[in-house]
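A.B. asks: Dumping the structure here so I can ask a few things about it.
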Amino acid sequence: MRHRAPLGVQNLRNKIMNKNKNTQNKERRLYNRKKNTDVYLLPSGRQFRTVVEMQDGLHHMRLDMIVNQPSLRIKEINCEMPGVPDAICRKAQDCLAPLVGKRVVPGIMHGMDQVTRGGCTHLINLFHEACYNLIQAQGVAGKEDLQALFPGIAEEQLYKIFFWFRPDMKNSCIRYNEDSPFLQRIQQIQVPEGAEKLRAIAKAK
83 MRHRAPLGVQ NLRNKIMNKN KNTQNKERRL YNRKKNTDVY LLPSGRQFRT
133 VVEMQDGLHH MRLDMIVNQP SLRIKEINCE MPGVPDAICR KAQDCLAPLV
183 GKRVVPGIMH GMDQVTRGGC THLINLFHEA CYNLIQAQGV AGKEDLQALF
233 PGIAEEQLYK IFFWFRPDMK NSCIRYNEDS PFLQRIQQIQ VPEGAEKLRA
283 IAKAK
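Just remember that the numbering used here sits 82 ahead of the position in the sequence shown, which is counted from 1.
In structure tokens form, the structure reads like this:
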């Protein structure tokens, strides 16, 4: 003989089923994450400061990093964790400290198992975000400097000089592929008079 569930349990089941019926054809947002990144050029003109902050329903974290320019060598990393799901999470607040002194280049996290094992995935994510946007900001600063040095410089000339300093950017995307029309134009163009001295600086950095 099949036992009937108590009335209270039946009512709860009915409510859940009715809710599922009402929402099965509607899109429901389950998670939202807000992330903001700012990159500043410090007054010396020789350092960048990158601030990345994220918030979701459970976490609130901030990373503040100072990097030398143009080497992109990390001078300082400071992390804050105002909101965490568990107090033990804050023990990972300094997990990125071993990265101080390293350069922001592809593969920077290679061999840094101590950071990932005893760290925080959200802070590591903020670090990657900081590095990515730092490269964008360096491009903006470099463009401003070159336009001041060589008024009227063409985009292809700008990037030809950029690639002296950042050869790893080649083949990093479809536009920078060595067979792309843009790269072919870069290879054919000459840099402005006096710009060749920057190649020696790029090699020495």
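Don't be surprised by glycine CBs; every beta carbon is placed ideally from N, CA and C. Small disclaimer: the values here were computed from a predicted structure and weren't measured.
For the stretch 264-272 against the stretch 130-140, are there 3 or more C-beta pairs whose distance is under 8 Å?
C.D. replies: No contact exists between the stretch 264-272 and the stretch 130-140.
A.B. asks: I'd like the list of long-range same chain contacts for P274, defined as Cβ closer than 7 Å, with 5 residues on each side in sequence excluded.
C.D. replies: So the qualifying residues of the chain are F232, I235 and Q239.
A.B. asks: Roughly how many angstroms separate the alpha carbons of C161 and Y113, rounded to a whole number?
C.D. replies: Rounded to the nearest angstrom, the two C-alpha atoms are 24 Å apart.
A.B. asks: Excluding five sequence neighbours on each side, which residues of the same chain lie with their C-beta closer than 7 Å to the C-beta of L228?
C.D. replies: Within the same chain, L228 has close Cβ partners I235, L240 and I243.
A.B. asks: Is L205 buried or exposed, if buried means 16 or more other CB atoms sit within 10 Å of its CB?
C.D. replies: Classification for L205: buried.
A.B. asks: Please give me, in chain order, every unbroken run of the beta strand (DSSP E) with length at least 3 that falls completely inside the stretch 102-158.
C.D. replies: You should have 116-123, 129-137 and 142-150.
A.B. asks: For Y214 and A223, what's the separation of their Cα atoms in angstroms?
C.D. replies: Their Cα atoms are separated by approximately 15 Å.
A.B. asks: Looking at the structure shown, is G165 part of a helix, part of a strand, or coil, going by DSSP?
C.D. replies: G165 falls in the strand class under three-state DSSP.
A.B. asks: Confirm, please, whether the CB-CB distance from A212 to M147 is below 8 Å.
C.D. replies: Their beta carbons are under 8 Å apart, which means M147 touches A212 by this criterion.
A.B. asks: State the Cα-Cα distance for the pair V149 and N96, rounded to the nearest angstrom.
C.D. replies: Cα-Cα distance, rounded: 59 Å.
A.B. asks: Closest to N207 by C-alpha separation, out of L124, R155, H142 and N107, would be which residue?
C.D. replies: The shortest Cα separation from N207 among L124, R155, H142 and N107 belongs to H142.
A.B. asks: So what's R95 in DSSP terms, helix, strand or just coil?
C.D. replies: Residue state, collapsed to three classes: helix.
A.B. asks: Excluding the 5 residues preceding and the 5 following E260 in the sequence, name in chain order all residues of the same chain whose CB lies nearer than 7 Å to its CB.
C.D. replies: So the qualifying residues of the chain are K252 and N253.
A.B. asks: Does the Cβ of C177 have 16 or more other Cβ atoms within 10 Å, making it buried, or fewer, making it exposed?
C.D. replies: Answer is buried; the Cβ neighbour count reaches 16.
A.B. asks: Alpha carbons only, please: which of K116, R115, L154 and D120 is nearest the one belonging to R128?
C.D. replies: Residue L154 is the option with its Cα nearest to R128.
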